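K.L.:
Starting off with a structure, shown below.
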Amino acid sequence: MSKGNRAVVLLSGGIDSATTVAIAHNESLDIFALSFDYGQRHKIELECAGYIAEKFGAREHLIINFNLRDIGGSALTADLEVPKRSTETQKRGSGKGQDDTSDIQSIPITYVPARNTIFLSFALAWAETLEASEIFIGANIIDYSGYPDCRPEFLEAFQNMANLATKASVEGSIKFTIRAPLIKMTKSDIIKRGADLGVDYSLTWSCYDPQSRGNKVFPCLRCESCQLRAKGFLESGLVDPISLNL
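Going by the numbering used here, the sequence shown opens with residue -19, and the numbers climb by one from there.
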């Protein structure tokens, strides 16, 4: 049997993962937050992850260190330029339609090879050790960047693998479930849901290419992640608290 109401929650420090933590907290689960320092250029997100984990009373916040820069293959983990769009494009939105899950030709260079597979594998190992049956991930297929490891098919396949490949599952003590509560929500709906649950979005980070000014760091406002954030707040009717400090 799983131990109590424990859940491992993947926490990057962004809007989606912060809202996912809030949802788990709202379900009165014991949250074990899991973040990664993997050589990402937007490492500032880990500071935000720490604030969020503390705010929602995580029992533990584990940060695992490994270096995906040794592998590269992404603008987030190699010396490749992060694609940017004009601020005018940002005002019009990301250009992706709702539930646009089939446009595999447009997967951007910000895709990190096998990232969610790696993250979920660590989460599964920790969940088995903790005797926690649920693993939460803030994956989304509506307002997103087209990453293949955010799709429901991938998450279902990983869940099946988890229940084939672990001692706890094979012996029948735990049946693992991958929870993706945001999977079919728009970014604006995610933001509104999080706001209802008390998420302070000033504590979140979205930008893939942080810009330094003096001793402070600011979002670039032009990468796709910044644009999806701006679009989400615009459509939600809420003000992005980060924009107040720019």
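Beta carbons are placed, not taken as given, at the ideal position from N, Cα and C, and that holds for glycine. None of the values given here were measured: they were computed from a predicted structure.
Considering just the uninterrupted stretch of the beta strand (DSSP E) at H41, what are its terminal residues?
P.N.:
The residue given as residue 41 occupies position 61 in the sequence shown. It spans E40 to N45 - the beta strand (DSSP E) in which H41 sits, taken as one unbroken run.
K.L.:
Rounded C-beta distance between N143 and F156? I'm assuming under 8 Å.
P.N.:
Working through the sequence shown from its first residue, we reach residue 143 at position 163. Working through the sequence shown from its first residue, we reach residue 156 at position 176. Going by Cβ atoms, the distance from N143 to F156 rounds to 6 Å, so yes, they are a contact pair.
K.L.:
Less than 7 Å separating the beta-carbons of A4 and I(-5)?
P.N.:
As a first step, residue 4 must be located in the sequence shown, where it is residue number 24. As a first step, residue -5 must be located in the sequence shown, where it is residue number 15. The answer is no: Cβ separation not under 7 Å.
K.L.:
A210 to G52, Cα distance in whole Å?
P.N.:
What you label residue 210 is simply residue 230 of the sequence shown in a count that begins at 1. What you label residue 52 is simply residue 72 of the sequence shown in a count that begins at 1. Roughly 28 Å separates the two Cα atoms.
K.L.:
Is the region 196 to 203 in contact with the region 39 to 50, if contact means three or more CB pairs nearer than 8 Å?
P.N.:
The region 196 to 203 is not in contact with the region 39 to 50.
K.L.:
How about S15: is its Cβ closer than 6 Å to a heavy atom in the ligand ATP?
P.N.:
Because no ligand of any kind appears in the structure shown, any question about the ligand ATP cannot be addressed here.
K.L.:
With a cut-off of 8 Å on the beta carbons, I'd call T0 and F116 a contact; round off their distance for me.
P.N.:
As a working note, residue 0 is residue 20 in the sequence shown. As a working note, residue 116 is residue 136 in the sequence shown. Yes, T0 and F116 are in contact; Cβ-Cβ is about 5 Å, under 8 Å.
K.L.:
Give the single residue among A107, D129 and E114 whose Cα lies nearest to the Cα of P93.
P.N.:
Numbered from 1 along the sequence shown, position 113 holds the residue referred to as residue 93. It is D129 whose Cα lies nearest to the Cα of P93.
K.L.:
Enumerate in chain order the residues of its own chain whose CB-to-CB distance from R21 is below 6 Å, with the five nearest sequence positions on each side excluded.
P.N.:
As a first step, residue 21 must be located in the sequence shown, where it is residue number 41. So the list reads L56, once near-sequence residues are dropped.
K.L.:
Tell me the DSSP secondary structure of A13 in three-state form.
P.N.:
Within the sequence shown, the letter at position 33 stands for residue 13. The answer is strand: DSSP assigns A13 an E or B state.
K.L.:
I'd like the span of the alpha helix (DSSP H) that includes R131, first residue to last.
P.N.:
Here residue 131 refers to the residue found at position 151 of the sequence shown. Here R131 belongs to no alpha helix (DSSP H), and DSSP marks it neither H nor E.
K.L.:
In angstroms, rounded to a whole number, what distance separates the CA positions of V179 and K167?
P.N.:
For the purposes of this step, residue 179 is taken as residue 199 along the sequence shown, with counting starting at 1. For the purposes of this step, residue 167 is taken as residue 187 along the sequence shown, with counting starting at 1. In a straight line, the C-alpha of V179 is about 14 Å away from that of K167.
K.L.:
Which residue from Q139, R131, T109 and K172 puts its Cα closest to that of K147?
P.N.:
Locating residue 147 in the sequence shown gives position 167, counting from the first residue. Closest option to K147, Cα to Cα, is T109.
K.L.:
R209 by DSSP, collapsed to three states: which one?
P.N.:
As a working mapping, residue 209 is identified with position 229 in the sequence shown. Three-state result, R209: helix.
K.L.:
Rounded to the nearest angstrom, what separates E61 and L224 at their Cα positions?
P.N.:
Position 81 of the sequence shown holds residue 61. Position 244 of the sequence shown holds residue 224. For E61 and L224, the distance between alpha carbons rounds to 27 Å.
K.L.:
Just mark D176 as buried or exposed, buried being the case when its beta carbon has 16 or more other beta carbons within 10 Å.
P.N.:
To locate residue 176, count along the sequence shown from 1; it is residue 196. So D176 counts as exposed.
K.L.:
Pick helix, strand or coil for L224, following the three-state DSSP scheme.
P.N.:
Translated into the one-based positions of the sequence shown, residue 224 becomes position 244. Reduced to three states, the DSSP call for L224 is helix.
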